[in-house]
Each structure stands twice: as structure tokens, then as C-alpha cells.
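Participant: The structure is given below, and queries will be raised subsequently.
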Amino acid sequence: CGGWSRSFRLLLRHVYSGHALAGSCAPDARPLSVAHALELCAFGRLYMLPSLVEEARPLVAAAMSADEFVPALLLCQEQGAEDEAQAVFEWAVAHYDEVVDALERGGARSSLIDEDDIRALREQLRAAMLQARYGL
């Protein structure tokens, strides 16, 4: 099982035990990366395991950072994962200042999208942040 992805091992653990992250003594009990958490959600949708999706979705937000925002959002869009994309966007709204700083300094792997898309994304985040914080 050395070549298998961590997400696939967690999928198998979920199938056989009912929980992907069963117990902290598991060999891979370290925190999941955003990409692995999103992949686990994708496996849950693909194999019609809603309990796996529900277990994995909170792990996406737990693994997020400002620099992971753009890649995570793009991965969600690529996978057609609307609920996870919404969760990533909501995380970014809650961490608005960090995300905007990362976008402005060229972090957040903003090289993955062009400047017009970054500008539009920043404006969407700003509008959502104003709505969330001030009801505007």
C-alpha cells in the first residue's frame, strides 16, 4: 500500500470501519492537507458515501491557509464540488485580511489565475466580507 494516496487509504478505512479518521493511533493520524481533504470529499461523492463527505468536509476548513485558498478553490471547481467550494469561499471570507494580503503579495498561488480573475475574486471576497461583517 506504499504507492496508494493517503486519501485512498482513508477511503478504505472508512469503508471497513465506518470512520476515515478512526483513532489518533492510526498510522496517518497527522492532519490532512487541503488537497487530501478535498480528495476524500470527492471519493465520498464518487462512491456515494455521504458519511465520508460529512466527515471530510470540516477537515477542508481545518487545513486551509491563505496561501491554499486559490488552489483549493480551483480544485473544487475542477471536481464540481460546489459545497466544498462554498466552504472554501466562506473560510476565505472569515479570513478576509489574510487572504487579500496573500493575493496582493503574489502568495495564495495566485499565479494559477490571471490578474483580472484575481481582481474579480478579490471584489467577490470583499462584497461577501462586507455582507458577513456588516450586513451590507
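Going by the working numbering, the letters in the sequence shown line up with residues 515 to 650, in that order.
Cβ atoms here follow ideal geometry from the backbone N, Cα and C, with glycine treated the same way.
Owing to the predicted nature of the structure, the values given are computational and were not obtained by experimental measurement.
Determine the extent of the alpha helix (DSSP H) in which Y561 is found, giving its start and end residues.
Facilitator: Reading the sequence shown from its first residue, position 47 is the one you call residue 561. That residue, Y561, is in no alpha helix (DSSP H); it is neither H nor E in DSSP.
Participant: From Y610, A646, R647, Q593, pick the residue whose C-alpha is nearest to that of L635; which is it?
Facilitator: For the purposes of this step, residue 635 is taken as residue 121 along the sequence shown, with counting starting at 1. L635 has its Cα closest to that of Y610, out of Y610, A646, R647, Q593.
Participant: Measuring straight from C-alpha to C-alpha, what distance separates L644 and A606?
Facilitator: Here residue 644 refers to the residue found at position 130 of the sequence shown. Here residue 606 refers to the residue found at position 92 of the sequence shown. Approximately 13 angstroms between the Cα atoms of the pair.
Participant: What distance in whole Å lies between the Cβ atoms of M578 and I586, which are believed to be in contact at a cut-off of 8 angstroms?
Facilitator: For this step, residue 586 is matched to residue 72 along the sequence shown. For this step, residue 578 is matched to residue 64 along the sequence shown. Note that residue 586 is Ala in the sequence shown here, rather than Ile. Yes, A586 and M578 are in contact; Cβ-Cβ is about 7 angstroms, under 8 angstroms.
Participant: Excluding the five sequence neighbours on either side, which residues of its own chain have a C-beta within less than 7 angstroms of the C-beta of E612, listed in chain order?
Facilitator: As a working mapping, residue 612 is identified with position 98 in the sequence shown. The residues are A580.
Participant: Would you kindly report the start and end of the unbroken alpha helix (DSSP H) that includes D597?
Facilitator: For the purposes of this step, residue 597 is identified with residue 83 of the sequence shown, where counting begins at 1. That run of the alpha helix (DSSP H) goes 596 to 608.
Participant: Is it right to say V529 is buried, meaning 16 or more other beta carbons lie within 10 angstroms of its own, or is it exposed?
Facilitator: For the purposes of this step, residue 529 is taken as residue 15 along the sequence shown, with counting starting at 1. Burial call: exposed.
Participant: Looking only at its own chain, which residues have a Cβ that is under 6 angstroms from the Cβ of F557, when we skip the five neighbours before and after it?
Facilitator: Position 43 of the sequence shown, counted from the first residue, corresponds to residue 557. Excluding residues within five positions, the ones whose Cβ falls inside 6 angstroms are L525.
Participant: Decide if C515 is buried, meaning its Cβ has at least 16 other Cβ atoms within 10 Å, or exposed.
Facilitator: On the sequence shown, position 1 is the one that residue 515 refers to. Confidence at C515 is low in this model, with a pLDDT of 42, below 50, so the placement of that residue should be treated as unreliable; the coordinate-derived value is given next. Classification for C515: exposed.
Participant: In angstroms with no decimal places, state the Cα-to-Cα distance between V574 and S547.
Facilitator: Taking the first residue of the sequence shown as position 1, residue 574 is located at position 60. Taking the first residue of the sequence shown as position 1, residue 547 is located at position 33. Cα-Cα distance, rounded: 8 angstroms.
Participant: From what residue to what residue does the alpha helix (DSSP H) around I632 run?
Facilitator: Taking the sequence shown and counting its residues from 1, the one referred to as residue 632 is at position 118. First-last of the alpha helix (DSSP H) with I632: 629 to 648.
Participant: Does the beta-carbon of A641 have 16 or more other beta-carbons within 10 angstroms, so that it is buried, or is it exposed?
Facilitator: Stepping through the sequence shown from its first residue, residue 641 is reached at position 127. Exposed, by the Cβ-count rule.
Participant: Tell me whether the beta-carbon of E553 lies closer than 7 angstroms to the beta-carbon of S521.
Facilitator: Position 39 of the sequence shown, counting from 1, holds the residue named residue 553. Position 7 of the sequence shown, counting from 1, holds the residue named residue 521. Cβ atoms of E553 and S521: closer than 7 angstroms.
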